[in-house]
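Position in the sequence shown (first residue = 1) + 500 = the numbering used here.
Here a beta-carbon is modelled for each residue, glycine too, at the ideal position from N, C-alpha and C.
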Amino acid sequence: MFDRPKSGERALLCRIGVGTQPSPADIEEFRSLAASAGAIPVAVVTGSRATPDPRYYVGSGKADELKAKAEEVGAELILIDHALSPSQERNLEKLTGRRVLDRSGLILDIFAQRARSHEGKLQVELAQLKHLATRLVRGWTHLERQKGGIGLRGPGETQLETDRRLINNRIRTLNRRLERLALQRDTGRQTRKEVPIPGAALVGYTNAGKSTLFNTLTGADSYAADQLFATLDPTVRRLKLPHCPEIVLADTVGFVKDLPHELVAAFRSTLLEAREAHLHLHVIDAADPERAERVQTVNEVLAGIGAGDIPQIEVYNKVDVLGEEPRVERNEEGLIVRVWLSAATGLGLDLLRDALAERFGTRLVRTVLTLSPRHGRARAELYRRDAVLGETVGDDGGWRIEVELAERDLDELCQREGLARVANGRVGERDFR
């Protein structure tokens with residue numbers, strides 16, 4: 501087996517269509533993935549097959565073509581835009597004398613570069629170890645394998661088993677750490693449930709503009725760039741809406757076609773932000789010619805994590821690229837189902853805010869509540885909701901509190917705490933003695 505170079509950024513890309521010719525959009529996306537990982541694509545080899553070849557996936561003739569092309573362009577790395585089995589990857593490496601990385605390995609490498617939070621780094625490491633565990637044999641083919649019999653047992657099997665045991669131990673450690681972090685996230689979600697604030701999550705294909713839209717709406721500083729998987733770690737911020745109580749908005753990791761199963765499993769706790777949301781803002785690149793397929797991919801991933809039934813508003817971003825005007829579209833029931841805007845220029849953001857206010861909307865009520873000392877729990881909840889505008893203490897130890905709260909939430913509080921309500925007193929003083 502060859503010695504792998506420690507560096508090598510010049511990459512030969514290969515995309516094989518199974519049963520059809522590969523589309524230019526798929527090739528361009530794979531080129532973007534390679535560039536996002538830091539590789540320099542120097543050539544592309546394409547082709548089609550009726551079925552994948554069990555030995556090389558691409559077929560023996562195409563494998564020889566890859567070897568010749570890599571030598572011609574001086575490529576040090578061969579990237580295959582498919583999920584390869586360990587034996588197929590090993591056979592291609594042996595034939596071409598170069599490192600071979602499949603689509604899953606490439607995406608894992610990008611995630612490893614992009615992860616910033618402690619939880620994100622642990623999730624990526626876990627996914628990488630699970631991926632590596634199936635490919636351990638590649639690193640030890642220069643050693644003898646155990647053949648059985650006295651005097652014939654080489655060191656290879658022993659080293660292989662040692663590595664496998666170390667990897668399994670590390671996987672268990674990472675799982676325990678991630679479980680603890682998941683509990684912390686659950687605690688945060690339970691806290692938000694105690695003070696019920698509606699939540700929306702930005703979902704969509706990678707590089708559709710989710711983080712740019714998130715930053716523009718909330719004033720956050722999430723990293724945003726024109727590259728695939730620019731941000732991995734979820735960010736949650738409160739969003740103030742016109743004439744409506746504020747909501748919680750979450751920015752989630754972008755999806756991509758053929759996302760490795762290891763990553764979907766590893767990022768399941770992160771993707772819970774999308775599963776726990778009351779509404780999905782499905783951000784779509786309006787200028788993408790393959791946007792219909794992108795939408796289908798995202799919906800399939802959402803269904804896979806149990807979030808397929810959550811209501812959506814489709815947000816068609818980058819209308820400035822198309823030269824179109826911002827607008828909204830409603831369904832037959834009158835609900836807003838699509839908003840066309842530009843996150844980069846701010847065009848149409850008011851339409852999205854109005855759409856969110858309409859979906860979550862209930863009018864805000866500003867009123868004065870007079871509570872007796874026995875209603876301390878109701879007073880504490882008003883403070884937790886950040887609904888108190890002012891307060892004075894009465895001679896009897898009670899409180900006269902000026903609040904601004906959604907009428908629906910105020911009604912629920914009154915019912916739960918057994919408080920009387922002044923008829924038709926939407927704005928004014930309510931005496932809860």
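CA-CA distance, residue i and residue j?
i: Asp911; j: Arg738; result: 23 Å
i: Ile667; j: Leu622; result: 14 Å
i: Ala570; j: Glu576; result: 7 Å
i: Ala701; j: Asp751; result: 6 Å
i: Val795; j: Gly890; result: 47 Å
i: Glu509; j: Ala539; result: 5 Å
i: Gly834; j: Arg827; result: 15 Å
i: Ile810; j: Arg791; result: 21 Å
i: Val545; j: Val703; result: 33 Å
i: Arg635; j: Val819; result: 45 Å
i: Asp854; j: Gln812; result: 15 Å
i: Asn675; j: Glu619; result: 11 Å
i: Arg838; j: Tyr816; result: 7 Å
i: Leu913; j: Glu776; result: 23 Å
i: Glu858; j: Thr797; result: 28 Å
i: Ala803; j: His780; result: 13 Å
i: Arg830; j: Ile901; result: 40 Å
i: Ala786; j: Ala880; result: 46 Å
i: Leu852; j: Leu566; result: 49 Å
So, are the CB atoms of residue i and residue j less than 8 Å apart?
i: Ala550; j: Leu512; result: no
i: His778; j: Gly699; result: yes
i: Asp553; j: Gly559; result: yes
i: Leu606; j: Leu579; result: yes
i: Asp602; j: Ala615; result: no
i: Lys846; j: Thr716; result: According to the sequence shown, residue 846 is Gly rather than Lys. Yes, Cβ-Cβ distance for Gly846 and Thr716 is below 8 Å.
i: Glu773; j: Val736; result: yes
i: Pro522; j: Arg531; result: no
i: Glu824; j: Ile784; result: no
i: Ala563; j: Leu533; result: no
My understanding is that residue i touches residue j, with C-beta atoms under 8 Å, so please give their C-beta distance in whole angstroms.
i: Val624; j: Phe611; result: 5 Å
i: Glu917; j: Arg877; result: 7 Å
i: Glu746; j: Ile697; result: 7 Å
i: Leu905; j: Val868; result: About 12 Å separates the two Cβ atoms, so there is no contact after all.
i: Arg664; j: Ala633; result: 7 Å
i: Phe714; j: Leu678; result: Not confirmed; about 24 Å, so no contact.
How should residue i be labelled, buried or exposed, when 16 other C-beta atoms within 10 angstroms of its C-beta is the threshold for buried?
i: Val821; result: exposed
i: Gln588; result: buried
i: Val903; result: buried
i: Asp850; result: exposed
i: Ala662; result: The sequence given here places Thr at residue 662; Ala does not occur at that position. Under this definition Thr662 is an exposed residue.
i: Thr520; result: exposed
i: Gly898; result: buried
i: Ala627; result: buried
i: Lys594; result: exposed
i: Glu832; result: exposed
i: Asp896; result: exposed
i: Pro742; result: exposed
i: Leu683; result: exposed
i: Val753; result: buried
i: Tyr883; result: exposed
i: Pro789; result: exposed
i: Arg672; result: exposed
i: Lys740; result: exposed
Using CA atoms only, rank isn't needed, just tell me which of the options is closest to residue i.
i: Thr712; options: Ala807, Ala843 and Asp788; result: Ala843
i: Asp581; options: Lys818, Pro524 and Thr718; result: Pro524
i: Lys630; options: Ser617, Arg598, Asn669 and Gly597; result: Asn669
i: Leu759; options: Ser604, Leu592 and Thr596; result: Ser604
i: Arg908; options: Pro789, Phe860 and Thr870; result: Phe860
i: Asn799; options: Val756, Lys710, Gly709 and Arg555; result: Val756
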